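Protein chains: 2
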Amino acid sequence: MSKNAQLLIRAGFIHKEMAGVYDYLPLGLRVLNNICNIIREEMGAIGGQEVSLSHLQNPEIWKTTDRWDDIKVDNWFKTKLKNDTELGLGFTHEEPLTALLREHVQSYRDLPIYPYQITSKFRNEMRAKSGIMRGREFLMKDMYSFTTNQEELDNFHEKCAGAYMRIFDRFGIGERTYRTFASGGVFSKYSDEFQTISESGEDSIFVSRKRRIAVNKEVCSDEVLTDLGLSRSELEEKKAIEVGNIFKLGTRFSEPLGFLYTDENGAKKPVIMGSYGIGPSRLMGTIAEVLSDEKGLVWPESVAPYKIHLVEISAKEGKGVQTHAKKLYAHLVQEGIEVLMDDRELPAGQKFADADLIGIPYRVVVSEKTMASGKLELKNRATGEVRRLSETELYQYLNI
Amino acid sequence: MSKNAQLLIRAGFIHKEMAGVYDYLPLGLRVLNNICNIIREEMGAIGGQEVSLSHLQNPEIWKTTDRWDDIKVDNWFKTKLKNDTELGLGFTHEEPLTALLREHVQSYRDLPIYPYQITSKFRNEMRAKSGIMRGREFLMKDMYSFTTNQEELDNFHEKCAGAYMRIFDRFGIGERTYRTFASGGVFSKYSDEFQTISESGEDSIFVSRKRRIAVNKEVCSDEVLTDLGLSRSELEEKKAIEVGNIFKLGTRFSEPLGFLYTDENGAKKPVIMGSYGIGPSRLMGTIAEVLSDEKGLVWPESVAPYKIHLVEISAKEGKGVQTHAKKLYAHLVQEGIEVLMDDRELPAGQKFADADLIGIPYRVVVSEKTMASGKLELKNRATGEVRRLSETELYQYLNI
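This is the structure:
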């Protein structure tokens with residue numbers, strides 16, 4: 200089993216329903232929601248408007264763009280209504296969103312718009328063995344741009360690339376994530392991927408550390424290197440996880456679906472489109488893969504399920520410690536700090552091992568010893584650094 | 200088409216993908232999220248812990264409880280993996296949640312627990328003609344209780360009934376929503392429904408206004424009335440929408456799935472379960488049905504997509520009005536007020552009609568007239584009351 204799934208299952212973040220299909224337990228859902236909310240902030244900042252499209256897909260619009268047939272798209276999940284009408288389960292949403300916007304956009308005045316959603320996608324993968332990094336059902340943030348001309352598309356493409364790098368920075372994986380030149384697929388000659396270097400990645404990329412860019416091995420020809428002004432000697436081959444991608448779609452969908460707008464001169468023209476994907480569940484898996492250590496998960500504060508893991512170590516009759524820990528917990532929560540309390544009747548060693556496994560940024564220990572010394576123990580999960588602080592010093596440290 | 204779908208589509212809240220399948224546009228998603236967040240608060244307050252289970256369902260656990268066969272459950276959507284393994288799309292989640300918790304709960308010390316989720320459900324309805332009140336794909340809050348004994352189940356059942364009534368009160372439909380005695384289905388003799396009186400409801404109930412309870416017509420026998428101490432003379436027959444239901448499940452699922460815990464004496468016993476459902480998308484449809492008027496939607500502040508609809512009415516060259524409206528908008532947003540700005544170049548009458556249709560609680564008009572008088576116009580959508588206020592008075596009115 201992949202490292203991310205092993206760690207996340209052992210630590211109680213997720214549950215495996217079947218290959219490529221996972222449930223999120225309270226700890227895991229908190230991480231996933233934190234990831235989604237950071238993505239929402241950055242999508243809002245570049246003009247994104249959140250929508251939510253259905254999972255069930257009407258075949259008619261997909262036939263119009265020739266993406267209904269299983270020969271053309273090989274990872275559909277399909278199902279049927281009672282009257283035997285075939286339906287699909289959304290693996291992406293270009294078609295329904297384009298068809299929807301046809302009814303709401305008429306004029307150049309209504310553009311540009313940048314709708315996005317964060318919803319489950321379904322892909323009938325032949326194999327699914329990378330934990331939550333490649334799901335048959337997974338969470339996807341898919342944004343689409345609808346503009347009147349190529350320049351607006353190019354500008355927004357760059358703007359979104361910037362937002363993506365800010366997102367990866369906020370998740371603590373910016374340093375090891377490269378904007379990667381990749382194949383454009385059916386829509387355009389090239390596309391941009393965002394690849395996080397990791398031994399567990401399914402992709403191979405050639406990285407230029409100096410230039411902070413990379414090229415996907417699939418397209419790394421002499422011609423492409425010349426285009427990018429890169430020489431083979433400056434490139435290192437690395438395994439990487441694709442954590443995002445952005446495509447220029449042009450009129451690939453707006454033409455067949457008849458999504459036209461009226462320009463300043465009254466002429467009808469097809470809308471120019473782009474698509475911008477990030478997988479929050481795959482990102483959670485990626486963070487688990489690349490930031491963990493031999494003791495377990497190590498969450499950056501931005502996405503951690505809680506900020507503090509409060510571990511109370513008391514003897515059977517240790518009412519004083521328990522009361523003190525409860526008071527401390529109540530005060531921290533009241534001050535808006537997210538705290539996970541471990542008041543289980545278990546040996547200290549097991550509780551510490553669990554705290555390391557779960558990977559909350561700060562562990563605070565309350566015990567007979569800390570009470571006697573008047574100093575709490577604060578441990579930083581990422582660095583291992585331990586501080587002994589009075590309660591007042593702890594509050595100062597936390598800015599509360 | 201149902202009134203809720205008509206209004207919500209015309210006002211730009213939702214889009215119909217096909218019968219019983221809807222997309223949520225920015226305005227609609229804001230309402231839906233507000234509804235979900237109020238439900239989250241109330242579920243959290245009674246001890247709920249949020250999780251998120253997969254849509255794709257493994258047949259094996261459903262066979263164990265005899266709910267896989269289409270003859271036993273007639274509204275499954277089913278699909279297939281590449282290797283022809285059949286999968287289902289979750290229409291409820293008793294089975295996977297029970298199977299999941301088997302692995303996390305061993306002792307009476309781990310109970311009670313109250314997990315819940317807010318996720319899409321799929322039901323292959325023969326007909327779907329009530330807009331977002333009966334979807335083939337819809338949002339559901341489903342909570343499940345896992346306790347060690349009947350008394351805890353009974354207590355939590357009452358606690359959750361209380362939380363449900365608080366939720367309906369917060370949505371502005373508490374007065375017309377009745378806790379309703381109903382059939383227990385396969386799990387138990389009786390259950391509790393929550394029914395909102397509305398001509399567009401699919402259910403018939405007998406209401407006692409005095410006692411603030413109701414009985415579903417399906418179970419309204421003399422025996423039941425005697426049980427409840429109700430006489431036919433005090434009951435009125437009403438059409439109603441089922442907005443919530445709570446069931447005592449007992450060991451219906453824990454026994455076949457082998458979800459046992461160890462009690463204080465070391466004995467293994469099946470966990471006692473209950474289920475507690477509310478449909479956020481159906482609730483959104485219900486609010487649209489029962490609180491709208493002939494001009495359009497009327498959202499209560501608690502779920503409204505915005506608090507203020509700021510309508511700017513300016514002549515073509517009216518820069519002064521536009522600048523003033525923009526400043527007012529910026530100030531309100533900065534103070535944390537949610538404002539929808541209408542700065543479209545359209546006739547005033549059309550903008551007012553749209554504001555009425557969309558149904559945001561307060562409409563504020565900025566025009567040459569209001570600027571000349573130094574008084575903004577504030578209109579309450581629900582009551583129609585109009586006030587003329589200076590900017591300072593408006594801020595006081597809004598407590599900012």
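Going line by line, the protein sequences match chains A and B.
The C-terminal residue of the first sequence carries number 599 in the working numbering, and the numbering is unbroken.
The C-terminal residue of the second sequence carries number 599 in the working numbering, and the numbering is unbroken.
In this text, a Cβ means the ideal position worked out from N, Cα and C, and glycines have one as well.
Being a predicted model, the structure only gives us computed values, none of them experimental.
When DSSP states are grouped into helix, strand and coil, Arg301 (chain A) belongs to the helix group. By the criterion of a C-beta distance shorter than 6 Å, Phe458 (chain A) is surrounded in its chain by Thr297, Arg301, Val470, once the five residues flanking it on both sides are discounted. When the beta-carbon positions are compared, Ile234 (chain B) and Val502 (chain B) come within less than 8 Å of each other. In this structure, Gly247 (chain A) places its C-beta atom within 8 Å of the C-beta atom of Tyr313 (chain A). Among the residues of the region 293-306 of chain A, those with a Cβ less than 8 Å away from any Cβ of chain B are Pro295, Leu299, Glu302, His303, in the order of the chain. 8 Å or more divides the Cβ of Leu482 (chain B) from the Cβ of Ala210 (chain B). Only residues of its own chain outside the window of five on either side were considered, and among them Gly558 have a CB closer than 6 Å to the CB of Trp498 (chain B), listed in chain order. Listed along the chain, the chain A residues whose CB falls inside 7 Å of the CB of Phe276 (chain B) are Thr278. Residue pairing by DSSP places Ala439 (chain A) opposite A:Ile396, A:Asp402 in a beta bridge. Secondary structure at Lys574 (chain B): coil, using DSSP grouped into helix, strand and coil.
Taking the CA atoms as reference points, Asn323 (chain A) sits about 28 Å from Tyr377 (chain A). Ile238 (chain B) sits in a helix when the DSSP states are folded into three classes. By the neighbour-count criterion, in which 16 or more other beta carbons inside 10 Å mark a residue as buried, Glu216 (chain A) falls on the buried side.
None of the residues of the region 498-529 of chain B has a beta carbon lying less than 9 Å from any beta carbon of chain A.
Within chain A, no residue has its CB atom less than 9 Å from the CB of Lys550 (chain B), the nearest being about 15 Å off. Distance check between Tyr561 (chain B) and each of B:Arg587, B:Gly573, B:His523, B:His214 places B:Arg587 closest, using alpha-carbon atoms only. Only residues of its own chain outside the window of five on either side were considered, and among them Phe380, Ala381, Ser382, Tyr389 have a CB closer than 8 Å to the CB of Val418 (chain A), listed in chain order. Under the 8 Å Cβ criterion, the region 360-370 of chain B does not count as touching the region 315-335 of chain B, having fewer than three qualifying pairs. The DSSP-derived three-state label of Tyr505 (chain A) is coil.
Using a Cβ-Cβ cut-off of 8 Å, Gln248 (chain B) counts as an interface residue toward chain A, since at least one Cβ of chain A sits closer than that to its own. Among the bridge pairs identified by DSSP, Val510 (chain A) is matched with A:Asp541, A:Val564. Burial check for His523 (chain B): the Cβ neighbour count within 10 Å reaches 16 or more, so the residue is buried. About 6 Å separates the CB atoms of Ile372 (chain A) and Ile486 (chain A); that is less than 8 Å, so the two are in contact. Residue environment analysis places Ala439 (chain B) among the buried positions, since at least 16 neighbouring C-beta atoms fall within 10 angstroms of its C-beta. Measuring C-alpha to C-alpha distances from Gln521 (chain A) to each of A:Val510, A:His530, A:Ser572 identifies A:Val510 as the nearest.
When DSSP states are grouped into helix, strand and coil, Met217 (chain B) belongs to the strand group.
The C-beta distance from Asp341 (chain B) to Thr291 (chain B) rounds to 7 Å, short enough to meet the 8 Å contact threshold. Any Cβ of chain A closer than 8 Å to the Cβ of Val220 (chain B) would place that residue at the interface, and such an atom is present.
Sixteen is the threshold: when 16 or more other Cβ atoms of the shown chains lie within 10 Å of the Cβ of Ile507 (chain B), as they do, the residue is buried. In chain order, Lys416, Glu436, Lys438 place their CB closer than 7 Å to the CB of Ser403 (chain A), counting only its own chain and leaving out the 5 sequence neighbours on each side. Asp222 (chain A) is bridged by DSSP to A:His214.
Judged by DSSP in its simplified three-state form, Glu463 (chain B) adopts coil rather than helix or strand. The Cβ neighbour count for His303 (chain A), taken over all protein chains shown within 10 Å, is under 16; the residue is labelled exposed.
Inclusion of Gly476 (chain A) and Asn444 (chain A) in the CB contact set at 8 Å is warranted, their separation being smaller than that value. For Asp309 (chain A), there is no enclosing alpha helix (DSSP H), since its DSSP letter is neither H nor E.
Identification of chain A residues near Tyr377 (chain B) by a Cβ-Cβ cut-off of 8 Å yields none; the smallest Cβ-Cβ distance measures about 31 Å.
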